[in-house]
Every structure is written in structure tokens, then in C-alpha cells.
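In what follows, a single structure is set out as C-alpha cells and then discussed.
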Amino acid sequence: MTDKAHVVGVGMVPFQKPGKSESYDVMATAATKAALADAGLDYERVQQAYVGYVYGDSTCGQRALYQVGMTGIPVLNVNNNCSTGSSALFLARQAVESGAVECALALGFEQMQPGAIGAMFQDRVSPFAAFDEETDDLVGNSEIPLALRYFGGAGKAHMEEFGTTLDTFAKIRAKASRHAARNPVALFRQEVTADDVMAAQVVWPGVMTRLMACPPTCGAAAAIVCSKEFADKHGLDSSVRIAAQAMTTDGPETFEAHDMREVVGFSMAKRAADQVYEAAGIGPEDVDVVELHDCFAHNELITYEALGLCGRGEAAKFVDDGDNTYGGKYVTNPSGGLLSKGHPLGATGLAQCTELVQQLRGQADARQVDGARLALQHNLGLGGACVTTLYEKA
1 MTDKAHVVGV GMVPFQKPGK SESYDVMATA ATKAALADAG LDYERVQQAY
51 VGYVYGDSTC GQRALYQVGM TGIPVLNVNN NCSTGSSALF LARQAVESGA
101 VECALALGFE QMQPGAIGAM FQDRVSPFAA FDEETDDLVG NSEIPLALRY
151 FGGAGKAHME EFGTTLDTFA KIRAKASRHA ARNPVALFRQ EVTADDVMAA
201 QVVWPGVMTR LMACPPTCGA AAAIVCSKEF ADKHGLDSSV RIAAQAMTTD
251 GPETFEAHDM REVVGFSMAK RAADQVYEAA GIGPEDVDVV ELHDCFAHNE
301 LITYEALGLC GRGEAAKFVD DGDNTYGGKY VTNPSGGLLS KGHPLGATGL
351 AQCTELVQQL RGQADARQVD GARLALQHNL GLGGACVTTL YEKA
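For the sequence shown, full-length UniProt numbering begins at 1 and goes up steadily by one.
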């Protein structure tokens with residue numbers, strides 16, 4: 001095994017609404033070139049590439065990277081639902097740490113369509129069939145799109161067990177907007193109040209308003225990962241390294257617990273976080289800044305507890321005390337998160353990576369978390385996979 005992998009270059013393009021963006025290959029090429037420029041590295045030095053996207057034909061990764069260069073390197077296409085971008089990063093990091101290569105690229109992109117996401121193939125069994133059946137049994141409301149029922153159902157379960165109110169989810173969305181107002185590459189930069197969120201269109205009475213859900217988004221992001229020796233040899237900035245990383249998939253509790261929080265990966269996320277803390281020899285209290293998977297405000301709330309940022313049932317107090325923002329215990333989603341920055345599925349994990357690397361370098365401008373040394377990333381995909389990554393200022 002070699003030393004830890006270092007993230008020496010990151011880049012992304014501003015996220016856009018469907019129909020407003022460039023083609024996926026143009027966005028992906030731009031993000032890759034931005035990461036290479038950030039690193040100060042020529043593409044010819046990259047030895048492997050892992051390229052993530054959910055909605056696209058096979059070998060879209062080659063299409064995107066051939067516009068950067070045709071160097072003959074292995075290009076592997078990755079699809080792991082909403083955790084696709086961080087799955088690509090997981091593979092790139094693993095390749096470097098194993099000594100298979102000295103330098104690898106992780107790239108993620110998505111060109112999405114308007115409206116709720118759904119299955120593209122109707123002639124075969126859905127990978128979500130068991131999730132859908134459990135959701136039907138637990139929450140019903142078949143007239144509501146499934147993605148809303150998954151995560152809204154998880155939030156509803158938290159409300160029923162702990163007395164959490166809808167206003168708490170509104171506060172999370174308002175916090176996201178305040179953070180995104182400082183982020184020039186976020187999709188939605190207009191600040192909204194908790195009252196604004198509560199007054200938005202109701203999509204599930206008593207459970208969710210429209211502003212509590214992230215929007216379909218188009219975008220791309222990339223990261224260059226290499227060994228310390230490679231960075232030193234080429235004069236690259238090796239100040240940010242991946243201290244620990246874990247990927248988990250569903251356990252039996254996903255369906256056996258009959259709890260919507262488990263259906264959307266609570267224990268899967270907890271296992272990934274626990275593995276990272278153990279590998280790094282730290283606890284959640286040591287973390288300074290967090291980018292977590294807030295596809296819905298409801299998922300942000302239950303993820304606070306899954307990551308150990310607060311105890312079980314304490315998330316509402318965590319929000320009310322301001323411990324999820326500047327001046328509190330942790331700054332969560334300084335980028336604005338998926339709720340405000342946007343959620344192009346394949347790009348999200350690498351956009352999170354970009355934000356946290358900039359935070360640890362002290363390059364986050366108005367979003368900067370003072371003295372940030374440890375940064376935690378959580379990226380979740382139903383179906384399922386969760387990738388949790390701890391970045392350290394070396």
C-alpha cells in the first residue's frame with residue numbers, strides 16, 4: 001500500500017436547470033479541464049479515469065474525455081444512482097492507494113430532464129421494486145411521486161417518533177439558501193426564509209412543500225487524485241488528502257425494520273460514517289465542515305443523526321440551536337447543498353468534493369469555514385450505496 005491519496009485538482013461548472021445547460025460532453029470536458037488547470041497538470045499524466053453518470057448511453061465517459069485528449073488510458077463508466085460521483089472518486093482513490101496508478105481522474109456529470117426522476121426501462125424488473133413495495137406498504141399515497149414518498153416518508157417517521165415539526169425541515173431549507181447566496185456556482189442563490197418554505201406549494205400535506213425538495217439539475221464536476229510522491233515530483237499542491245473513505249450498501253434492516261428511514265439508507269449511512277471515523281481515529285466531534293446528501297430537507301435531518309453530528313431524536317434541537325451552520329458546531333452544506341446548489345446525479349459527489357477541498361485550502365471565499373482542518377462528505381444513492389469520505393488538511 002502507498003501513502004494516502006491526495007486531491008490535487010478540483011473543478012466544476014455552474015449548475016443549470018434542464019434545458020438551459022450545455023450538452024453533457026461539453027460540461028464534462030469543461031469540468032475536467034478546470035480540475036487539470038487547478039492541479040497544474042497535463043491530461044497526459046492521468047493514468048486512469050473513472051466517469052460517473054446515471055442517465056446516458058454506454059461509454060459517455062469516453063465521449064466526454066476524448067474531447068480532452070485521446071491518450072489510450074482505461075476509462076471506466078460508473079453508475080451508482082445519486083452516489084455515482086463519489087463512487088467514481090472511491091475507485092480513483094482506491095487505484096492510487098493500492099499502487100495500481102500514481103494519478104487518476106474522477107469525473108461526474110448529468111444532463112437531466114425536467115420533472116420527477118423515474119425508470120427509463122419499462123420492459124424489465126426495476127432495481128427499486130423492493131423499495132417501492134415497502135414504500136407502498138408503509139406510506140401509501142401512490143399519487144405522489146416515489147422520490148418524494150421515499151424521503152418524505154423518512155421525515156414523517158421522524159416526526160411521528162420524535163415530535164419533529166414541519167417547520168424544522170423549513171429551517172433546513174432556509175439555511176441552505178443562505179449558504180448558496182454566497183456560492184457563485186449554485187443554481188438557486190436567492191435567500192428564502194422558513195416562512196417562505198412553509199408557504200410554498202404543498203406536495204404532501206403535513207409532510208413536504210415544494211421548496212423542501214432539490215431540483216433536477218444539469219452539471220459536471222471532477223477531481224484529480226494522486227500519490228504524495230507523484231504530487232511532489234510534479235510540484236502539485238498536496239495539502240488536501242483523503243484520510244479515510246468507506247462505501248456501504250444496504251443491509252437486511254432496509255426492509256426488515258419496516259421503517260422508511262431504513263428504506264432511504266439510515267443504517268447504510270451510519271455504517272459508512274462509523275467505518276470512516278474508526279479508520280481515521282477520530283469522532284464526529286472532530287469534524288469542522290460537512291457536505292451531506294440533502295436531496296430533501298428530510299434526508300438532511302436524518303443524516304445529522306446517521307453521521308453522529310447529534311444523537312438519535314436530537315436533530316430538531318440541533319437545527320434550532322444553529323449547530324448546522326456558521327457559528328454552531330458544524331457548518332453543513334456551505335455550498336448550499338443539493339437543495340440550493342442543485343443535484344445533477346452523477347456530478348453531485350464530485351461537486352461536494354470540490355467544495356470541501358476548497359474549504360480545506362482556504363479558497364472558499366465568502367463561504368469559508370474558519371480554521372477548517374477536517375471535512376466530511378456523505379453521498380447517498382438509493383438502490384443502494386453510500387460513500388462517506390473524510391478529507392484532511394495535510
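Glycine included, each C-beta is placed from N, C-alpha and C at the ideal position.
Taking C-alpha positions only, LEU236 is separated from GLU229 by approximately 10 Å. In summary, GLY328 is exposed, with fewer than 16 beta-carbon neighbours lying within 10 Å of its beta-carbon over all protein chains present. Residue environment: GLU143 is assigned as exposed (fewer than 16 neighbouring CB atoms within 10 Å of its CB, all protein chains considered). Put simply, the backbone Cα of GLY362 is about 15 Å away from that of VAL290. Of all alpha-carbon atoms in THR71, PRO74 and ALA347, the one lying nearest the alpha-carbon of VAL10 is that of ALA347. Around the beta carbon of VAL125, fewer than 16 other beta carbons lie within 10 angstroms, which makes this residue exposed. According to DSSP, residue pairing for CYS103 in a beta bridge involves CYS226.
In the structure shown, TYR277 adopts helical secondary structure according to DSSP, grouped into three states. Under the rule that a run must span 4 or more residues, the alpha helix (DSSP H) segments found entirely inside the segment 182 to 269 read 194 to 199, 228 to 233, 253 to 256 and 260 to 263. The residues GLY11, MET12, VAL13, ALA220, ALA221 and ALA222, in chain order, have a CB closer than 6 Å to that of ALA31 in the same chain once the five nearest residues on each side in sequence are set aside.
Exclusion of the five residues before and after ILE302 leaves ALA154, GLY155, HIS158, ARG261, VAL264, PHE266 and ALA315 as the residues of its chain whose Cβ lies within less than 8 Å of its Cβ. For TYR391, the enclosing beta strand (DSSP E) covers residues 385 to 393. Exclusion of the five residues before and after ASN141 leaves ARG149 and TRP204 as the residues of its chain whose Cβ lies within less than 8 Å of its Cβ.
The alpha helix (DSSP H) runs lying completely inside the UniProt domain "Thiolase C-terminal" (256 to 383) and spanning 4 residues or more are 260 to 263, 266 to 280, 297 to 306, 315 to 320, 337 to 341 and 348 to 361, given in chain order. If you draw a 10 Å sphere on the C-beta of ALA199, you find fewer than 16 other C-beta atoms in it, and that means exposed.
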